[in-house]
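Student: Encoded as structure tokens, here's the structure I'll be asking about.
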Amino acid sequence: MKDKIFSDKTKKIVLIVIIAFVAAILVSGSFYSIREEEQAVVCTFGSPQAVTTPGLHFKIPFIQTVDKVSTTIIGFSIGYNSTGAGEEAMMITSDYNFLHVDFYAEYRVTDPVKALYASEDPVEILKNIAQNCIRTTIGSYTVDSVLTTGKNEIQA
């Protein structure tokens, strides 16, 4: 009889420990924090449902996922890197001269859903657009204007 009572107490203790363990996992996976320079996209079953702002938030564990996106100003260089001038730095002017032009582009994510799901590599697309714009601008000036008088206009 003592063995049966002992095993019933043991079963209850094991059950309580298992329930406490599962509850701890659920509670720890239910909250997430967003820093001041971030936004988060909450996805329910893989579909974007909400964009959350900085602070402490609640999510349903195992059903909702959270993808954080930085909303600070981020930049990239075109035309130069740590090893020197890159291939994309070569540009042609309106009088058919070649120049190495380097510049630095900055951007900030304003729509985190589009940043995460609109394309596979949005930064590469932005680099291509920036290169196209600067090539079009450089191509409308002569080499002398690019190097001297038109430099401020081009930078603007």
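Take 41 as the starting number for the sequence shown in this note's numbering and just add one per residue.
The beta-carbon is built from N, C-alpha and C at its ideal position, and this holds for glycine as well.
Since this is a predicted model, take the numbers as computed values, not measurements.
With a threshold of 16 other CB atoms inside 10 Å of the CB of Tyr181, please say whether the residue is buried or exposed.
Tutor: Here residue 181 is taken as the residue at index 141 of the sequence shown, counted from 1. The residue is buried, with at least 16 neighbouring Cβ atoms inside 10 Å.
Student: Considering only residues of the same chain and omitting the five flanking positions on each side of Ile100, which have a CB-CB separation below 8 Å?
Tutor: By 1-based counting over the sequence shown, the position of residue 100 is 60. Within the same chain, Ile100 has close Cβ partners Ser70 and Thr84.
Student: Among residues of its own chain, excluding the 5 on either side of Thr105, which ones have a beta-carbon nearer than 6 Å to its beta-carbon?
Tutor: What you label residue 105 is simply residue 65 of the sequence shown in a count that begins at 1. For Thr105, same chain residues with a beta-carbon under 6 Å away, outside a window of 5 residues either side, are Cys83 in chain order.
Student: The beta strand (DSSP E) with Ile74 in it runs from where to where?
Tutor: Taking the first residue of the sequence shown as position 1, residue 74 is located at position 34. That run of the beta strand (DSSP E) goes Phe71 to Ile74.
Student: Pick helix, strand or coil for Lys99, following the three-state DSSP scheme.
Tutor: In the sequence shown, residue 99 corresponds to position 59, counting from 1. Three-state result, Lys99: coil.
Student: What does the alpha-carbon distance come out to for the pair Asp184 and Tyr157?
Tutor: Indexing the sequence shown from 1 puts residue 184 at position 144. Indexing the sequence shown from 1 puts residue 157 at position 117. Cα to Cα, the separation comes out at about 44 Å.
Student: Across which residues does DSSP place Gln79 in a beta bridge pair?
Tutor: One-based indexing of the sequence shown puts residue 79 at position 39. Gln79 is bridged by DSSP to Val109.
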